[in-house]
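Enquirer: Sending over a structure as structure tokens; questions will come in a sec.
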Amino acid sequence: MTESYSFYVTAGRGTEIFVEKEIREKLKITSVFKRDGKVFMEVSQEKLKVDQILALKSVERAFIAITDYDNQNFITDKRTFLDKLMNEIITTNNFSKALTVLKQFHLVLTRKKCPHQNEHATENIQPRQSNAESLNKSEKIISEGTDQCGRCMRKREGKAQDEPREIAYFPLEKRKKMESPQGTTSVDFTTAASIQKVSNNGFLNVQPSSETLCTGINPANLNEESRAVIENIKSLSTFRVSVKCSGKVKRWLDLKRLSKDIGWRVSKRTGWIVDLQSPELEVCVHISDANVTAGIPLTRFPLSKREYLVDSGLRAPIAWIMCHLANIKPGEIILDPMCGKATILVEACTEFQASYIGSDCDGDQLAAAIQNVDSLRLLMNNVSLVKSDGLDMPYRDSCVDIVMCDAPFNRNHKTSIAVDEFYFKFIHEIDRVLAPQGRCVLLTKQDLKDLVISIVNGNLSDDSKIRTCRVKAPVHLSVASINYIKLGETHASIIVLNKQ
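Residue 1926 is where the sequence shown ends in the working numbering, and the numbering goes up by one at each step.
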């Protein structure tokens, strides 16, 4: 009988369905099921591909499972609960499998600095447009105040074209220095060709004994290999135990003491040394009234922490999910009118061949966006960054295929005008720049979802805050889907709109 290994990944609430879909598509696994905040999978030896698990983009962290069981039958009393917990965690077979898989991951991670880059460079990234093609396509949309770009710029009714907008276009393969009017002072936007890669992402601070890259487990050598792995790791691993608890069972437990008790048993079982400050491994235990799950993270840092993002804004898995909801096709033009640090555009560009434009009215945010774009220079030559107001975009009518945006929640990032009026103007601007059959993917706070839907459907109440804007024609957008997610403690929605 073929041996199988249990893994699980953590995900933001509401994103589990996207994680499950990605696992099924990329790993070709059918034994997948989801639970609040987690997605579990059984992987056979033949299908255990280390690179593919590390390249999952919609997950927060990936774990090799030690145990996962239904806790409802064991919370009748404290002693029954603790006996079951300790027995499950230190089961010999569970730890032997976990240690074997960790060894396989270590062999890969010491050979490969960034688990995502190989995937992007070979599988998902098609040949890019030449610089001339990319520049010509962008010049049709972006105005820099020249005569040629002025023809592409939409004419403002009732406004004199007296001053060109403050727009910065940054060609992406070779950027020229921008000279100041005084003469020699210049600003070079090629600040970082690439970010510093982590030299070793693995937990075990030793080099593998063989240069062979194992991507699976040899069933013929399973028992011997398991014993060898345990012997190898005994002398060189430090660890700590992290326990999270929720529900009524939390009232029984002293989590500090429970962590200490579990740590003592794990140390006795494996020979590992407890190190609370800088452990090489971490045994994570999550206890609820319904379930108990324990596992060891496969990487020191979360997979959601992208190595190619110098300064992240929106969480990368959420940005990736938005990109896939947009259904980006080759050659399309994608706009993020409030791009911030360009997290959404960078995530999209690592997987989809298209032309990308990001704009923001905040110079500091654009400076961070430039760093993020520069960090993927080898993979990206088709992103342009523009300084402009999202409520008054400098783009022609019907000139972009997709708009993706993390719209202000009116909390950390306040709107300059009343939030109702802001969204009314913003959605009308999106409708104006979108081409027919275009799509819009909008992330907003759950409380603002109904406002967005009302604006799209044209059934707003008579609110004085937006009455002055009612002269605008109805938008040509319709709601395709609404996807609830949770960002920390904030409830949010990803709204997908289609243009007729």
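Using N, Cα and C, we set each Cβ at its ideal position, and we do this for glycine too.
Taking the straight line between their C-alpha atoms, what separation do you get for GLY1438 and LYS1871?
Expert: 15 Å
Enquirer: How far does the alpha helix (DSSP H) with ASN1411 in it extend, from its first residue to its last?
Expert: With the chain represented from 1427 up to 1926, any question about residue 1411 goes unanswered, as that position is not in the structure.
Enquirer: Check this for me: beta carbons of ILE1516 and ARG1691, under 9 Å apart or not?
Expert: Taking 9 Å as the cut-off, the beta carbon of ILE1516 is found closer than this to the beta carbon of ARG1691.
Enquirer: In chain order, what residues of the same chain lie with their CB nearer than 6 Å to the CB of PRO1756, ignoring the 5 residues before and after it?
Expert: Result list for PRO1756: GLN1779, in chain order.
Enquirer: Tell me whether the beta-carbon of ASP1815 lies closer than 9 Å to the beta-carbon of LYS1767.
Expert: no
Enquirer: Find the nearest neighbour of ALA1833 within the set LYS1851, ASP1823, TYR1821, GLU1706, judged by alpha-carbon distance.
Expert: LYS1851
Enquirer: Can you give me the Cβ contacts of ILE1853 inside the same chain, cut-off strictly under 8 Å, excluding the 5 residues immediately before and after it?
Expert: VAL1878, ILE1881, VAL1882, VAL1901, LEU1903
Enquirer: Out of GLY1914, SER1714, LYS1925, state which residue places its alpha-carbon closest to the alpha-carbon of PRO1862.
Expert: Of GLY1914, SER1714, LYS1925, the residue nearest in Cα terms is LYS1925.
Enquirer: Do you know how far the Cα of LYS1464 is from the Cα of ILE1412?
Expert: What the structure shows of the chain is the stretch from 1427 to 1926, and residue 1412 is not part of that stretch, so it cannot be assessed.
Enquirer: To test your reading of the DSSP string, which unbroken alpha helix (DSSP H) runs of 4 or more residues are found completely within the stretch 1670-1710?
Expert: 1681-1696
Enquirer: Distance check for GLU1847 and PHE1531, CA to CA, integer angstroms please.
Expert: 52 Å
Enquirer: Excluding sequence positions up to five away, which residues of its chain have a Cβ less than 6 Å from the Cβ of PHE1444?
Expert: For PHE1444, where only same-chain residues beyond five positions count, the Cβ hits under 6 Å are SER1484, ILE1747.
Enquirer: Specify the secondary structure class of THR1436 as computed by DSSP and reduced to three states.
Expert: strand
Enquirer: Could you tell me the alpha carbon to alpha carbon distance between THR1428 and LYS1523, rounded to whole angstroms?
Expert: 13 Å
Enquirer: Looking only at its chain, what residues have a beta carbon closer than 8 Å to the beta carbon of VAL1675, apart from the 5 residues adjacent to it on each side?
Expert: ASN1497, ILE1501, PHE1507, ILE1713, SER1714, ASP1715
Enquirer: Within the continuous beta strand (DSSP E) that includes PHE1459, where are the two ends?
Expert: Start and end: 1458-1461.
Enquirer: Rounded to a whole number of angstroms, what is the C-alpha to C-alpha distance between SER1606 and LEU1913?
Expert: Because SER1606 sits at a pLDDT of 34, beneath the cut-off of 50, its placement in the model cannot be relied upon, and the point is left open.
Enquirer: Which residue wins for smallest C-alpha separation from GLU1510, given the options ASP1494, PRO1763, ARG1666, ASP1818?
Expert: Before going further, note that residue 1510 is Lys rather than Glu in the sequence given. Nearest C-alpha to LYS1510: ASP1494.
Enquirer: What residues in its chain sit with their C-beta under 7 Å from that of SER1672, if we drop five residues either side in the sequence?
Expert: SER1714
Enquirer: So, under 8 Å CB-CB, GLY1789 and LEU1771 are touching, yes? Tell me the CB distance rounded to an integer number of Å.
Expert: Not quite, the Cβ-Cβ distance comes to about 17 Å (not below 8 Å), so this is no contact.
Enquirer: What is the DSSP secondary structure of CYS1866, reduced to helix, strand or coil?
Expert: strand
Enquirer: So the alpha helix (DSSP H) LYS1454 belongs to, where does it begin and stop?
Expert: No alpha helix (DSSP H) holds LYS1454; DSSP gives it neither H nor E.
Enquirer: For LEU1868 and PRO1763, I'd like the C-alpha separation in whole angstroms.
Expert: 11 Å
Enquirer: Pick from PHE1835, PHE1466, LYS1875: whose alpha carbon is nearest that of ILE1447?
Expert: Note that residue 1447 is Lys in the sequence shown here, rather than Ile. Put simply, of PHE1835, PHE1466, LYS1875 the residue whose alpha carbon is nearest the alpha carbon of LYS1447 is PHE1466.
Enquirer: Excluding sequence positions up to five away, which residues of its chain have a Cβ less than 8 Å from the Cβ of THR1841?
Expert: PRO1834, PHE1848
Enquirer: Roughly how far, in whole angstroms, is the beta-carbon of ALA1720 from the beta-carbon of ILE1492, given that I think they are within contact range, below 8 Å?
Expert: 4 Å
Enquirer: Out of THR1916, HIS1917, ARG1865, state which residue places its alpha-carbon closest to the alpha-carbon of LEU1923.
Expert: ARG1865
Enquirer: At the level of alpha carbons, what is the spacing between GLU1708 and PHE1459?
Expert: Going by the C-alpha atoms only, they are around 24 Å apart.
Enquirer: Just tell me which of ARG1450, GLU1915, THR1664, TYR1910 has its CA closest to the CA of ASP1701.
Expert: From the listed residues ARG1450, GLU1915, THR1664, TYR1910, the smallest Cα separation to ASP1701 is found for THR1664.
Enquirer: Please state whether DSSP places ASP1503 in a helix, a strand or coil.
Expert: coil
Enquirer: Quick check: the Cα distance between ARG1601 and VAL1711, rounded to an integer number of angstroms?
Expert: Annotation note: pLDDT 34 at ARG1601 (below 50); position unreliable, coordinate value reported separately. Rounded to the nearest whole angstrom, the CA to CA distance from ARG1601 to VAL1711 is 49 Å.
Enquirer: Could you tell me which of LEU1681, ASN1753, TYR1431 sits nearest to GLU1472, measuring between CA atoms?
Expert: TYR1431
Enquirer: Is the beta carbon of LEU1740 less than 9 Å from the beta carbon of VAL1826?
Expert: In this structure, VAL1826 does not lie closer than 9 Å to LEU1740 by Cβ.
Enquirer: Would you kindly work out how many angstroms separate the C-alpha atoms of ASP1786 and ILE1920, rounded to a whole number?
Expert: 20 Å
Enquirer: Determine the extent of the alpha helix (DSSP H) in which MET1748 is found, giving its start and end residues.
Expert: 1742-1751
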